[in-house]
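What follows is a set of notes on a single structure, which appears directly below.
Numbering (UniProt numbering), first residue to last: 1 to 430.
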């Protein structure tokens, strides 16, 4: 019964350990979420929303309140003959004052603006998208920093494992040489030589552990999670994704698309700017004189007045710069297209180089296991020769070092291969 309980507990612990492992994809995601720049997405959305709201208000009635007081050098007046005639009829013709006053409320309503408001909305949306994609490009650069730290940690952990293996082999040989010294078949200096290697291995471990702690601390800061300093780092599985070549998912490509869309929106805005606009208006004012000048000449009074109507406005002067403005948009579009093609070209070269690196490492790692097997066989033979007094301890230590270096080289090649594959995934933004 106790045996079953122990087995179950071991299984649970194993599952918890697997679940606690951190993957490179986890770190990429956490780094993006932790980076301060990501907060600008929300700010851009809010700013775009406010800009669109302002643009939509162009179709709300535009209300203007104004007041004026003027003094004129002359005013409208009847000829003296007519004023004399009115006087004989008993009509006192006071005439208009040269000082005139008016308080006016002007209300105008756009009926059709030639598409200017819609074009402005499209420009604001495009501006927001360009800003979002610009941030995406900056966030994309985090990927390389995460990869460098993540695979650096994996490499250092492999070196630690090889250091432990080297220490184990040295300890076994130390025990063997110690017995040989006791039996008088080896010199104490031989034992000292093995002990020096043990101490050197311990020093190397301290250096590796120090570097590993620095890498883990940097990764923890980058992703905003202190638990990364102690978490198990999962080694990614080998993938054939490196054979693919597309880069359409890169944020730079979406940025270029957004810039083209913004230019198209600006082009539509330029075309809308030369279209006529139709609207309705109403003007009401309280002043002296009013619209009925005849009565105002007689009574010289303040009156309420209003005018309502429809209006056509056409800014013909917009044609002066229309052609040049469209030409500038076209040149800007070509510039973006050229930048996109240059990016495609350079990225294709980068992918080609990265694929060649993967192919090279695949060929190299294929021979690493054979080299290690041979080095292990040579070391085991050297241990047997040492026991038989055929070789010295120095010869054995040399073979131990060569075997350890071969294992370290294999670990380096393995991690470099995985990192190169993930570099390709990063270049393609998968």
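Every residue gets a Cβ at the ideal spot worked out from N, C-alpha and C, and that includes glycine.
| query | result |
| --- | --- |
| Can the beta-carbon of residue 154 be found closer than 8 Å to that of residue 233? | yes |
| Any idea what DSSP makes of residue 186, helix, strand or coil? | coil |
| Residue 304 to residue 311, Cα distance in whole Å? | 23 Å |
| Could you pull the DSSP bridge partners for residue 305 from this structure? | 285 |
| How big is the Cα-Cα spacing for residue 40 and residue 127? | 14 Å |
| Please indicate yes or no: does the CB of residue 329 lie closer than 7 Å to some heavy atom of the ligand MN? | Among the components modelled here there is no ligand, and therefore nothing to report on the ligand MN. |
| Taking contact to mean at least 3 C-beta pairs separated by less than 8 Å, is the region 140–151 in contact with the region 215–222? | yes |
| Can you check whether the CB of residue 110 is closer than 8 Å to the CB of residue 283? | no |
| What residue range is occupied by the uninterrupted alpha helix (DSSP H) comprising residue 409? | 393–428 |
| Drop a sphere of 10 angstroms on the beta-carbon of residue 293, count the other beta-carbons inside from all chains shown, and report buried for 16 or more, exposed for fewer. | exposed |
| Please work out which residues of its chain come closer than 6 Å, Cβ to Cβ, to residue 249, disregarding the five sequence neighbours upstream and downstream, and give them in chain order. | 429 |
| To the nearest angstrom, how far is the alpha carbon of residue 1 from that of residue 184? | Residue confidence for residue 1 is low, a pLDDT of 44 falling below 50, so the modelled location carries little weight; the figure read from the coordinates is stated next. About 53 Å. |
| Around the Cβ of residue 382, are there at least 16 other Cβ atoms within 10 angstroms (buried) or fewer (exposed)? | buried |
| Express the C-alpha separation of residue 376 and residue 162 in angstroms, rounding to a whole number. | 14 Å |
| With three or more beta-carbon pairs closer than 8 Å as the criterion, would you say the region 398–407 touches the region 113–127? | no |
| Specify the secondary structure class of residue 128 as computed by DSSP and reduced to three states. | helix |
| Would you check if there are 3 or more beta carbon pairs closer than 8 Å linking the region 69–88 to the region 253–264? | no |
| Where does the unbroken alpha helix (DSSP H) through residue 67 begin, and where does it stop? | Unbroken run through residue 67 is the beta strand (DSSP E), 62–71; no alpha helix (DSSP H). |
| Buried or exposed: residue 28, going by 16 or more other Cβ atoms within 10 Å of its Cβ? | buried |
| Answer yes or no: do residue 159 and residue 198 have a C-beta to C-beta separation smaller than 8 Å? | no |
| Out of 352, 169 and 259, point me to the one whose CA is closest to residue 195's CA. | 169 |
| State the beta-bridge partners of residue 233 as determined by DSSP. | 22 |
| Decide if the region 43–51 is in contact with the region 258–265; the criterion is three or more beta carbon pairs, one per stretch, under 8 Å apart. | no |
| What residue from 417, 425 and 281 has the CA that sits closest to residue 306's CA? | 281 |
| From which residue to which residue does the alpha helix (DSSP H) around residue 378 run? | 319–387 |
| Measuring CA to CA, which of 343, 182, 417 and 384 is closest to residue 366? | 417 |
| For residue 356 and residue 152, what's the separation of their Cα atoms in angstroms? | 21 Å |
| Beta-carbon separation of residue 173 and residue 396 under 8 Å? | yes |
| Between residue 274 and residue 326, is the Cβ-Cβ spacing less than 8 Å? | no |
| DSSP on residue 274, reduced to helix/strand/coil? | coil |
| Between the C-alpha atoms of residue 313 and residue 114, what's the straight-line distance to the nearest angstrom? | 11 Å |
| From residue 342 to residue 167, what distance separates their C-alpha atoms? | 52 Å |
| Using DSSP bridges, identify the partner residues of residue 108. | 62 and 281 |
| Measure the beta-carbon distance from residue 413 to residue 358 and round it to whole angstroms, keeping in mind my assumption that it falls under 8 Å. | The Cβ separation is near 11 Å, so there is no contact. |
| CA-CA distance, residue 103 and residue 130? | 46 Å |
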